[in-house]
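The opening residue of the sequence shown carries number 188 in my numbering; numbering runs sequentially from there.
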Amino acid sequence: MKASVLQERRERVFLVLAGTFLCAMTLLNVIGITRFVQLGPMALAVGVLPYPLTFLCTDLVCELYGRARANFLVSVGLGMNFFILGVLILGNSLPSVGPDAMPPWQVLQLAAPIALPNGDIVESSVGLYQLIYATTSGAVFASMLAYVAAQYCDVQLFHFWKRVTRGKHLWIRNNFSTLMSQMVDSVMVVTVTFGAAFLRGDIALTALLVLVGSNYVFKACVALLDTGPLYIAVHYLRRYLRLQPGEMAAAHADNEVYGT
């Protein structure tokens, strides 16, 4: 196979992994805490459902492309978080159209006063965007902090366990890195998102702990279940990308040695 064709194949696979990673991360920020669902004994925000895919993608990038590519992907995701937050703030700061030009679905009529996640109290009606902004802007900020801590932690721990095991036992670096970084993510994103509501007395400590526990249990279960798909993906992608044992698909991958 020509080198140019092989390089294009490798870049396309990276693009798919990066696209899946960024899509799952964006869904977390966009739908965030707009709805909570009951999944068995767990209470989960719908934005959490696709999020474990981000750790699978970074593990695959770490394994196939090296730490530099994985850190680059995480950095791009951080930039997208800033972009999403900026668009939300811009949309909230611009003046709304007049009442005559306002679509009927833009304002929701309320049966009783409610407290929005950002602390605002609305009496009888609330703008649809105001409601979306209140439920997502704080979650985006929280996810940014958790994202930086958890994703960089996952990449670093993955390569730490890879050095410790001398490049063997993929399941160890996959599970140990993800389980530890998922704990960091779950604690940070819930406490930052609902910390203000907890201090105001709008949410009880037990409810906060349930959210942290539910988030972590769900992510941990998905992390354990994705070990099999990870092995299958690594096996077939190494063949598809024509990678020798220990070789990375990136043109300038980290020079990692796991020998004696």
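Even for Gly, the Cβ is constructed at its ideal location relative to N, Cα and C. What you are looking at is a predicted structure, and each value in this text was computed from that prediction instead of being measured.
Checklist entry - Could you give the C-beta distance for methionine 370 and leucine 332, rounded to a whole number, given that I count them as a contact under 8 Å? => result Along the sequence shown, one-based indexing puts residue 370 at 183. Along the sequence shown, one-based indexing puts residue 332 at 145. Their Cβ separation, rounded to whole angstroms, is 15 Å, which puts methionine 370 and leucine 332 out of contact at 8 Å.
Checklist entry - In terms of residue numbering, what span does the alpha helix (DSSP H) encompassing alanine 255 cover? => result As a first step, residue 255 must be located in the sequence shown, where it is residue number 68. Going by DSSP, alanine 255 is part of the alpha helix (DSSP H) stretching over 254-280.
Next on the checklist: Considering Cα atoms alone, identify which of Ser373, Asp372, Leu395 is closest to glycine 452.
Outcome noted: Missing from the structure shown is residue 452; the chain here goes from 188 to 447 and no further.
Checklist entry - Quick one: does the C-beta of valine 379 sit closer than 7 Å to a heavy atom of the ligand GDP? => result The model depicted lacks the ligand GDP and carries no ligand whatsoever.
Next on the checklist: Quick check: arginine 199 and alanine 436, are their CB atoms within less than 8 Å of each other?
Outcome noted: Your numbering for residue 199 matches position 12 in the sequence shown. Your numbering for residue 436 matches position 249 in the sequence shown. Result no, Cβ atoms of arginine 199 and alanine 436 do not sit closer than 8 Å.
Checklist entry - Counting pairs of Cβ atoms below 8 Å between the segment 359-369 and the segment 236-246, do you hit three or more? => result yes
Next on the checklist: Applying the 10 Å Cβ sphere with the 16-neighbour rule, what's the burial state of phenylalanine 347?
Outcome noted: By one-based count along the sequence shown, residue 347 stands at place 160. Flag for phenylalanine 347 reads exposed.
Item to check | Run of the alpha helix (DSSP H) containing methionine 435, from where it starts to where it stops | outcome: Counting from one through the sequence shown, the residue named residue 435 turns up at place 248. Where methionine 435 is concerned, there is no enclosing alpha helix (DSSP H), given that its DSSP letter is neither H nor E.
Checklist entry - Should glutamine 431 be labelled buried (16 or more other beta-carbon atoms within 10 Å of its own) or exposed? => result Translated into the one-based positions of the sequence shown, residue 431 becomes position 244. Under this definition glutamine 431 is an exposed residue.
Checklist entry - Can you tell me whether DSSP reads methionine 188 as helix, strand or coil? => result Along the sequence shown, one-based indexing puts residue 188 at 1. In the structure shown, methionine 188 sits in coil (DSSP, three-state: anything other than H, G, I, E or B).
Checklist entry - By DSSP, does valine 284 sit in helix, in strand, or in coil? => result On the sequence shown, residue 284 is found 97 positions in, with the first residue counted as 1. Reduced to three states, the DSSP call for valine 284 is coil.
Next on the checklist: Tell me the rounded alpha-carbon separation between threonine 393 and serine 283.
Outcome noted: Indexing the sequence shown from 1 puts residue 393 at position 206. Indexing the sequence shown from 1 puts residue 283 at position 96. Cα to Cα, the separation comes out at about 39 Å.
Item to check | Where leucine 236 falls: helix, strand or coil (DSSP) | outcome: As a working mapping, residue 236 is identified with position 49 in the sequence shown. In this structure, leucine 236 counts as coil in the three-state DSSP scheme.
Checklist entry - Looking at C-beta atoms only, is the number of pairs between the segment 255-268 and the segment 348-358 that lie closer than 8 Å three or more? => result no
Checklist entry - Under a Cβ-count criterion, where at least 16 other Cβ atoms within 10 Å of its own Cβ denotes burial, should phenylalanine 269 be classed as buried or exposed? => result Taking the first residue of the sequence shown as 1, we reach residue 269 at position 82. Per the 10 Å Cβ criterion, exposed.
Checklist entry - Taking the alpha helix (DSSP H) that leucine 226 falls in, what are its first and last residues? => result Residue numbering aside, residue 226 sits at position 39 when the sequence shown is read from its first letter. Counting along the chain, leucine 226 falls outside any alpha helix (DSSP H), though it belongs to the beta strand (DSSP E) covering 223-226.
Checklist entry - Just curious, the alpha helix (DSSP H) that isoleucine 419 is in, first and last residue? => result Start at 1 with the first residue of the sequence shown, and residue 419 comes out as number 232. Its alpha helix (DSSP H) spans residues 414-427.
Item to check | Through-space distance from methionine 229 to phenylalanine 405, alpha-carbon basis | outcome: In the sequence shown, residue 405 corresponds to position 218, counting from 1. In the sequence shown, residue 229 corresponds to position 42, counting from 1. Going by the C-alpha atoms only, they are around 8 Å apart.
Next on the checklist: Tell me the rounded alpha-carbon separation between leucine 315 and valine 327.
Outcome noted: By one-based count along the sequence shown, residue 315 stands at place 128. By one-based count along the sequence shown, residue 327 stands at place 140. Computed Cα separation, rounded: 18 Å.
Checklist entry - Per DSSP, what kind of secondary structure is alanine 230 in: helix, strand or coil? => result Numbered from 1 along the sequence shown, position 43 holds the residue referred to as residue 230. The answer is strand: DSSP assigns alanine 230 an E or B state.
Next on the checklist: Rounded to whole angstroms, what is the Cα-Cα separation between cysteine 246 and tyrosine 403?
Outcome noted: Start at 1 with the first residue of the sequence shown, and residue 246 comes out as number 59. Start at 1 with the first residue of the sequence shown, and residue 403 comes out as number 216. Here the sequence assigns aspartate to residue 246, which means cysteine is not the residue at that position. Each residue's alpha carbon lies about 18 Å from the other.
Checklist entry - Are the CB atoms of leucine 251 and leucine 398 nearer to each other than 8 Å? => result Within the sequence shown, the letter at position 64 stands for residue 251. Within the sequence shown, the letter at position 211 stands for residue 398. Contact flag unset, no.
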